[in-house]
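Residue numbers (the numbering used here), protein chains in the order written: chain A, 446 to 760; chain B, 446 to 760; chain C, 446 to 760; chain D, 446 to 760.
Number of protein chains: 4
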Amino acid sequence: MKRHTVALAGASGYTGMEVLRIAISHPGISITELYGASSAGKTIQELVPAFEGYYDLFIHHMSSIADTKADAVIMALPHGESAALVDALLANGYKGKIVDIGSDHRSDCRAIYGLVEAFRDSLLGADFVANPGCFATAIQLGVKPLSDAGLIDQAFVTGVTGSSGSGATPSSTTHSSSRIGNLKAYKVFEHQHLDEIRHTVGVPVHFVPVSGPFVRGIWITIQATLNQEADVDALFANAYGSSPMVRLRQGLPELKPVIGTNFADIGWVVQGNHIVVGVAIDNLGKGAAGQALQNLNLMLGLPETTGLLTPPQLL
Amino acid sequence: MKRHTVALAGASGYTGMEVLRIAISHPGISITELYGASSAGKTIQELVPAFEGYYDLFIHHMSSIADTKADAVIMALPHGESAALVDALLANGYKGKIVDIGSDHRSDCRAIYGLVEAFRDSLLGADFVANPGCFATAIQLGVKPLSDAGLIDQAFVTGVTGSSGSGATPSSTTHSSSRIGNLKAYKVFEHQHLDEIRHTVGVPVHFVPVSGPFVRGIWITIQATLNQEADVDALFANAYGSSPMVRLRQGLPELKPVIGTNFADIGWVVQGNHIVVGVAIDNLGKGAAGQALQNLNLMLGLPETTGLLTPPQLL
Amino acid sequence: MKRHTVALAGASGYTGMEVLRIAISHPGISITELYGASSAGKTIQELVPAFEGYYDLFIHHMSSIADTKADAVIMALPHGESAALVDALLANGYKGKIVDIGSDHRSDCRAIYGLVEAFRDSLLGADFVANPGCFATAIQLGVKPLSDAGLIDQAFVTGVTGSSGSGATPSSTTHSSSRIGNLKAYKVFEHQHLDEIRHTVGVPVHFVPVSGPFVRGIWITIQATLNQEADVDALFANAYGSSPMVRLRQGLPELKPVIGTNFADIGWVVQGNHIVVGVAIDNLGKGAAGQALQNLNLMLGLPETTGLLTPPQLL
Amino acid sequence: MKRHTVALAGASGYTGMEVLRIAISHPGISITELYGASSAGKTIQELVPAFEGYYDLFIHHMSSIADTKADAVIMALPHGESAALVDALLANGYKGKIVDIGSDHRSDCRAIYGLVEAFRDSLLGADFVANPGCFATAIQLGVKPLSDAGLIDQAFVTGVTGSSGSGATPSSTTHSSSRIGNLKAYKVFEHQHLDEIRHTVGVPVHFVPVSGPFVRGIWITIQATLNQEADVDALFANAYGSSPMVRLRQGLPELKPVIGTNFADIGWVVQGNHIVVGVAIDNLGKGAAGQALQNLNLMLGLPETTGLLTPPQLL
């Protein structure tokens, strides 16, 4: 398989590191250029010794990315930092593929919203994709089949996330002394991902995000009242039957079997006219870097799962 | 203060150990007799070296508890094991107080249901109290003010519990290799505490219990639609204004500040006609041993908070 | 018991918070004044809502501590921040007791080094005490009986600490994403506590400090070759027989039974001429705030264990 | 690459599951037969849903393994359970390769001890290999270069292991309520791996094994006195220069970068005539399943690292 060259902006953040990790076993792409801000001037193997032997790449200053000749650019940057870089690339006549994992282009009409299982057809061969947020991915995958079928009028969501979702910059929120043994809600009903969720899910979503005492993963419950009788099993089987990265489970899924993978595990329990849907993803996998590569596969015309079928660690 | 003597059945389980721990700093009672099954014949300080210096008590065989002369008996036993013991005590003409922390008498009309904040008046001077379950305590404290006021028609609850809630007997569920880094639902919509909840809460409760990666604590979200305008702040202030073990919080409460205490921290966020109430308790404290002693205080005519105001460890 | 008034500098750090927590159940002292830098101008119950109901104290600016009329001052400040404050107090003619939990005065000849079990006699009624470091406390308690008896020529120590030992300021070291599931050595053979250890322990100590995936506690192994036959059991029994905060254990001690307490648990295993001694303490308890109050007890003429016999949470 | 067929005994234990996980991305072998005791009669994908899509294998009863026609047999069984099976295989004239991950044959002269970095030449093309224990692997890799060079007379080792090292059967030791937040020594100076260590390391090893609050990994410190001047950097570089699964680190290695991999990370710090060597491995990787496949690679004439260069999850 010919390998497409990829430039990665944001090499030293958690999401960038996960792109690098997954790409090692991806047979269709090769990360050949790195760009960074604070990390510029170093090599990635200096910054992350575990990458020694896998990568030997110098980190260029972010501003020079506009001149890249790589076949694709992946942006793994904090909110507000990718907008100008994409503009510079386009102004420079860049002809390759762009995937922005960050939030800057999720409501930009130039970019296709990269929730693969919902918009696969538009993503095939696309040039510019805005990768969904981690919570947004989990919530939409669980709610959309129900709301598309008109079965529910609203959804009550509680979602727990690991500390890697807050990024590598230390804060009181991620201090292990306050995180271990704790659960803490934040941005109740006001999480920034609700914006992108509203675009694809036609019912109100009441969402309580929670910080949990673990590193990787997002695990959510979606409760709702069914407004009519329905064959929910058939509904989900139909929605995701041709989506290889979604695994339908008996009962609510556990978190651990998705950690380190690009899978979204989805399960549900119905009692009378009441339903709960559970969704488990790795926030760095299907919630960020994994889905970015799933999108890039489609954009480049590769099979959707290329490089993404690594099994989980389980323990 | 004269100390009332207390006999404890089930000394070596997690709940019994917590009764012993709290009782050390309780000025009104003194645990003077221990009864056990597998632990009978040993001393408690042999079983739990950390109790050396605090206790010097032999563990008698459970069957001999019917002859106790103690002022009160606390039962901290697995499901099904306290029913016969209570019958034997009563048949023997036992005149003291009985608190059953286990589940055997929660629907027994001879016992008063010991959710202090709901039934305080009936508990004053009572002789026989069935202590609520841990999840049942958290859920009822959060739902009852809303359902009593007729504000909601149903409640959507997701609740996460630490591993100490499963008791000391090892199982695949509490194995740290499957618990650390994981979240896992169980008994979805079918948790055994739903029975007792139905007795005090007049609306359907859709409850998803979840095993979490920590040892102590229960943390729940209760989502609901408000069917009329309401001053929720005033409602909760009114419901718990004279309940010293409930602390009302701005926004949803964190878990850690209740760990090691008998407090229930409750907070809420309202957005339009939608509400989420959060409740945090220590499953071994307000969810079991702490509430048992809170009940015993009322039964013995002591101030409700006697021995129960130890501050949390915080870290 | 008449309560001695205490002024606390550094109210919002982890150590200061632990002093406040322990003092709640201390019958002989009352914390009546708080001083802070970044926290000045707020109340402690605003900063730490869990202290509501226990404290109602305004935090004064640090500089005004020199005018305190309290019977004692406890300093719980980062390295370098207490030296000038103590000088100001003394210059101002302060006649009360001073305990510096920080490191500034551990080699200051005006202060007595507050390792109670080694220097109890000098601490009785003392006016100015430098509280030992957390690792220093554990290492000295384990090594000193052996080195004092001339039984060992050097000690090989590996010690693991929880994240609370790094203080409340977030850093990459305490980020839960790098701490959970990890072990990491730091300052190998060069930990700053080696200075104070050298003053009391007459043999070389080779010390490897390790960051562990938990919040509270220090747990160390001390390995050494015995250069002569010895009754080690008798040696430790003799060294700590009249030290109520040291508990001698069969075999190496576990960490959990000391968490939340001021106890140091010590145990050992001998095989031929080889020995390992294990020491477990709570870094915030016996390693900092607890020992500070143990010292203050002696300085004020109170029984050594006053307020310090709270049992551990166990779970 | 032609794939060699492999029969695995002990499919549902932690080690067997890890063999299955790693083998998914191994291009030279294919696990084609599973054997189990309690798991016999089920399929592996029933037992471990995360293996769905990767495996579709029925688990045969253990006793029928003697008739296997697979090119190789891997035994991942508890102590005492592989001896009779190997005898049956050999009695049956089995001509394939046998790797016993369990402890039954580590002192059996028919088997070669599979510490690759020490005995690579004997393992090339070998028919029967006894895979080293997890702690034994870490200790020998750290001590052997020093003891072979005659630089040390004894080694003082403290080693911490995750809960997966105790296997899948629940016990009080692995109960998360006693494991989270705790450190606990066991089998002090008497760990069963000391036997195999003595065969390859010519100096006394004083070993304190410790249970730690995490799932995967072994992390050890080896302290020793150097009895002569030595270029330790050159010594280790020489010992492991041609060993691709050993990574030499600056200073002591961290645990996390080896988790999920077959790497052993080794580092050291020298101060005067004193040295500490740190070794980090994944107990299920280089400590069990990974090393078993590393051995099988050599036995089958494949490059040593085939299928074993998956990068770690890092977070």
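Glycine residues also receive a C-beta, built at the ideal position from the N, C-alpha and C atoms. Just so it is clear, the structure is predicted and the values come from calculations on it, not from any experiment.
When DSSP labels each residue in this structure, what does residue i get in the three-state scheme?
i, result
"Ser527 of chain C", "coil"
"Gln758 of chain D", "coil"
"Ser616 of chain D", "coil"
"Ala517 of chain B", "strand"
"Phe580 of chain B", "helix"
"Gly730 of chain C", "helix"
"Pro654 of chain C", "strand"
"Phe659 of chain A", "coil"
"Ile667 of chain B", "strand"
"Tyr499 of chain D", "coil"
"His471 of chain A", "coil"
"Thr750 of chain D", "coil"
"Val602 of chain A", "strand"
"Gly705 of chain C", "coil"
"Ile504 of chain D", "strand"
"Tyr539 of chain A", "coil"
"Glu699 of chain A", "coil"
"Phe770 of chain D", "No information on residue 770 of chain D is available, as it lies outside the stretch 446 to 760 that chain D covers here."
Which word fits residue i, buried or exposed, when buried means at least 16 other C-beta atoms lie within 10 angstroms of its C-beta?
i, result
"Cys554 of chain A", "exposed"
"Gln716 of chain C", "exposed"
"Gly735 of chain D", "buried"
"Ser509 of chain B", "exposed"
"Gly746 of chain D", "exposed"
"Gln695 of chain C", "exposed"
"Ala529 of chain C", "exposed"
"Gly481 of chain C", "buried"
"Ser527 of chain C", "buried"
Assuming the contact rule is C-beta atoms closer than 8 Å, residue i and residue j should be a hit. Round their C-beta distance to whole Å, please.
i, j, result
"Ile504 of chain D", "Leu535 of chain D", "Actually they are not in contact, since the Cβ atoms of Ile504 of chain D and Leu535 of chain D sit about 23 Å apart, beyond 8 Å."
"Thr603 of chain D", "Lys731 of chain D", "Not really, about 19 Å apart at Cβ, beyond 8 Å."
"Ala517 of chain B", "Gly541 of chain B", "5 Å"
"Phe441 of chain C", "Ile663 of chain C", "For residue 441 of chain C there is no data in the structure shown, the boundaries of chain C being 446 and 760."
"Gly547 of chain D", "Asn728 of chain D", "Their Cβ separation, rounded to whole angstroms, is 14 Å, which puts Gly547 of chain D and Asn728 of chain D out of contact at 8 Å."
"Phe601 of chain B", "Gln668 of chain B", "4 Å"
"Ala485 of chain B", "Met462 of chain B", "Actually they do not touch by this definition, with Cβ atoms about 16 Å apart."
"Ala460 of chain D", "Ala733 of chain D", "In the sequence as presented, Ala is not what sits at residue 460 of chain D; that position holds Thr. Between Ala733 of chain D and Thr460 of chain D the Cβ distance is about 5 Å, and since that is below 8 Å, they are a contact."
"Thr750 of chain A", "Pro702 of chain A", "Actually they are not in contact, since the Cβ atoms of Thr750 of chain A and Pro702 of chain A sit about 17 Å apart, beyond 8 Å."
"Thr706 of chain B", "Pro757 of chain B", "5 Å"
"Thr513 of chain C", "Leu502 of chain C", "Contact flag wrong, Cβ pair sits at about 13 Å."
"Phe634 of chain D", "Val714 of chain C", "6 Å"
What residues match up with residue i in a beta bridge as DSSP calls it?
i, result
"Val574 of chain D", "D:Val544, D:Ile557"
"Asp710 of chain A", "A:Arg692, A:Ala725"
"Val451 of chain C", "C:Ile476, C:Ala517"
"Lys629 of chain D", "D:Ser656"
"His719 of chain B", "B:Thr670, B:Gln716"
"Gly481 of chain B", "B:His506"
"Thr488 of chain B", "B:Phe503"
Measuring from the CB of residue i, is there a heavy atom of the ligand MN at a distance below 6 Å?
i, result
"Thr666 of chain B", "With respect to small molecules bound, the structure shown includes none, and the ligand MN cannot be examined in it."
For the segment 637-655 of chain C, which residues have a beta carbon sitting closer than 7 Å to at least one beta carbon of chain D? His651, Val653
Could you list the residues in the segment 494-505 of chain D with a C-beta less than 9 Å from some C-beta on chain A, going in chain order? Pro494, Ala495, Phe496, Glu497, Gly498, Tyr499
Chain A contacts from the segment 692-724 of chain B (Cβ-Cβ distance under 8 Å): Gly696, Leu697, Glu699, Leu700, Lys701, Ile704, Val714, Gln716, His719, Val721, Gly723
Given a limit of 7 Å on CB to CB distance, which residues of the segment 605-631 of chain B reach chain C? Ser609
Tell me which residues of the segment 457-479 of chain A have at least one Cβ-Cβ distance to chain D shorter than 8 Å, keeping chain order. Tyr459, Met462, Glu463, Arg466, Ile469, Ser470
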